[in-house]
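> In our numbering, the protein residues as written are 676 to 755.
(1) Please report the straight-line C-alpha distance between residue 687 and residue 697, rounded to a whole angstrom.
(2) Can you tell me whether DSSP reads residue 712 as helix, strand or coil?
(3) I'd like the span of the alpha helix (DSSP H) that includes residue 684, first residue to last.
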C-alpha cells in the first residue's frame with residue numbers, strides 16, 4: 676500500500692481552479708426567472724407583510740385599550 680502523499684501547491688491550486696470553474700458554470704446555467712412568477716411572489720410577500728402589520732397594529736391598539744380600561748377602573752388615591 677502506498678503512503679499518503681499530501682498534495683503540493685500546484686495540485687491544490689488546480690483543484691481550487693476546477694472548483695471555481697464548476698461553480699461559475701453552475702451559475703451561468705441557472706435559468707432566468709419568469710417575470711410573472713417574480714411579480715406574483717412579490718405581491719404575495721407584500722400581502723403577507725401588510726397582514727402582519729395590520730395584526731401588529733390591532734394588537735397594539737388592544738393593549739392600549741386594556742391599559743386605559745385598567746387605568747380608568749383603578750381607584751384614585753387622594754393626596755393632601
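For each residue, glycine too, the CB sits at the ideal point set by N, CA and C.
Concretely, from the data shown:
(1) 15 Å
(2) helix
(3) 684 to 703
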